[in-house]
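Asker: Quick one: the structure is below, questions incoming.
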Amino acid sequence: MIKANSNNREALRLWLHLITLTTVVEKKIRRNLKTKFETTLPRFDIMATLDRSGQKMTMGDLTSRLLVSKGNVTGVVASLVKQGLLKRERDKSDKRTHYLSLTNKGKREFSEQAKAHQGWINDYFSGQEMSELSAMVAQLSKLKETISQNQKRGVE
Numbered sequence: 707m708i709k710a711n712s713n714n715r716e717a718l719r720l721w722l723h724l725i726t727l728t729t730v731v732e733k734k735i736r737r738n739l740k741t742k743f744e745t746t747l748p749r750f751d752i753m754a755t756l757d758r759s760g761q762k763m764t765m766g767d768l769t770s771r772l773l774v775s776k777g778n779v780t781g782v783v784a785s786l787v788k789q790g791l792l793k794r795e796r797d798k799s800d801k802r803t804h805y806l807s808l809t810n811k812g813k814r815e816f817s818e819q820a821k822a823h824q825g826w827i828n829d830y831f832s833g834q835e836m837s838e839l840s841a842m843v844a845q846l847s848k849l850k851e852t853i854s855q856n857q858k859r860g861v862e
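Okay, so the sequence shown: first residue is 707 according to the working numbering, each after it adds one.
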């Protein structure tokens, strides 16, 4: 087996393909969310994160899972709360801490959006065999683990 190294351009080619694919799919999703639900990808991502967690989350937990800063989501969260899609509750023991969760209305809206989102993703990747998709997921998971291990070793 030949491993990627500093003289191997395949790693760069892979990175460029990943960026291109991500950009293309993300643009389609953004457009579909706007057209079908009059919403944005950041709003969808916040609701998806809260839905997946299945429990209340602090703003810090939410931003950590989204890999963004609090400043990036504060306005979006405020808008979702104002529309009755999210509930913000103050911690009884620490008044500085607030917990976020989906309201029933938010759960219903997100469920509809998530179903459509799954359909779009299925359509985008419909030309691939299940075995090919599974193999790509396995390879990308392995790559993610390698990058994580390299970070722990101080490789930047």
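The beta carbon of each residue, even a glycine, is placed where N, CA and C say it ideally should be.
Between the Cα of M763 and the Cα atoms of V787, S837, S807 and E851, which residue gives the shortest distance?
Answerer: Position 57 of the sequence shown, counting from 1, holds the residue named residue 763. Checking every option, the nearest Cα to that of M763 belongs to S807.
Asker: Report the partner residues of L772 according to the DSSP bridge assignment.
Answerer: Locating residue 772 in the sequence shown gives position 66, where the first residue counts as 1. Paired residues: none, contrary to the question.
Asker: Could you please give the first and the last residue of the uninterrupted alpha helix (DSSP H) stretch that includes E851?
Answerer: One-based indexing of the sequence shown puts residue 851 at position 145. Note, E851: alpha helix (DSSP H), M836 to K858.
Asker: Need the endpoints of the alpha helix (DSSP H) that L727 sits in, please.
Answerer: Here the question's residue 727 lines up with position 21 in the sequence shown. E716 to F743 is the span of the alpha helix (DSSP H), which, as asked, contains L727.
Asker: Span of the beta strand (DSSP E) holding R796?
Answerer: To locate residue 796, count along the sequence shown from 1; it is residue 90. That run of the beta strand (DSSP E) goes L792 to R796.
Asker: Would you mind stating whether V705 and I752 have Cβ atoms separated by less than 8 Å?
Answerer: An answer regarding residue 705 cannot be provided, because it is not within the stretch 707 to 862 covered by the chain.
Asker: Which first and last residues belong to the alpha helix (DSSP H) in which S759 is found?
Answerer: If you number the sequence shown from 1, residue 759 lands on position 53. Note, S759: alpha helix (DSSP H), L747 to S759.
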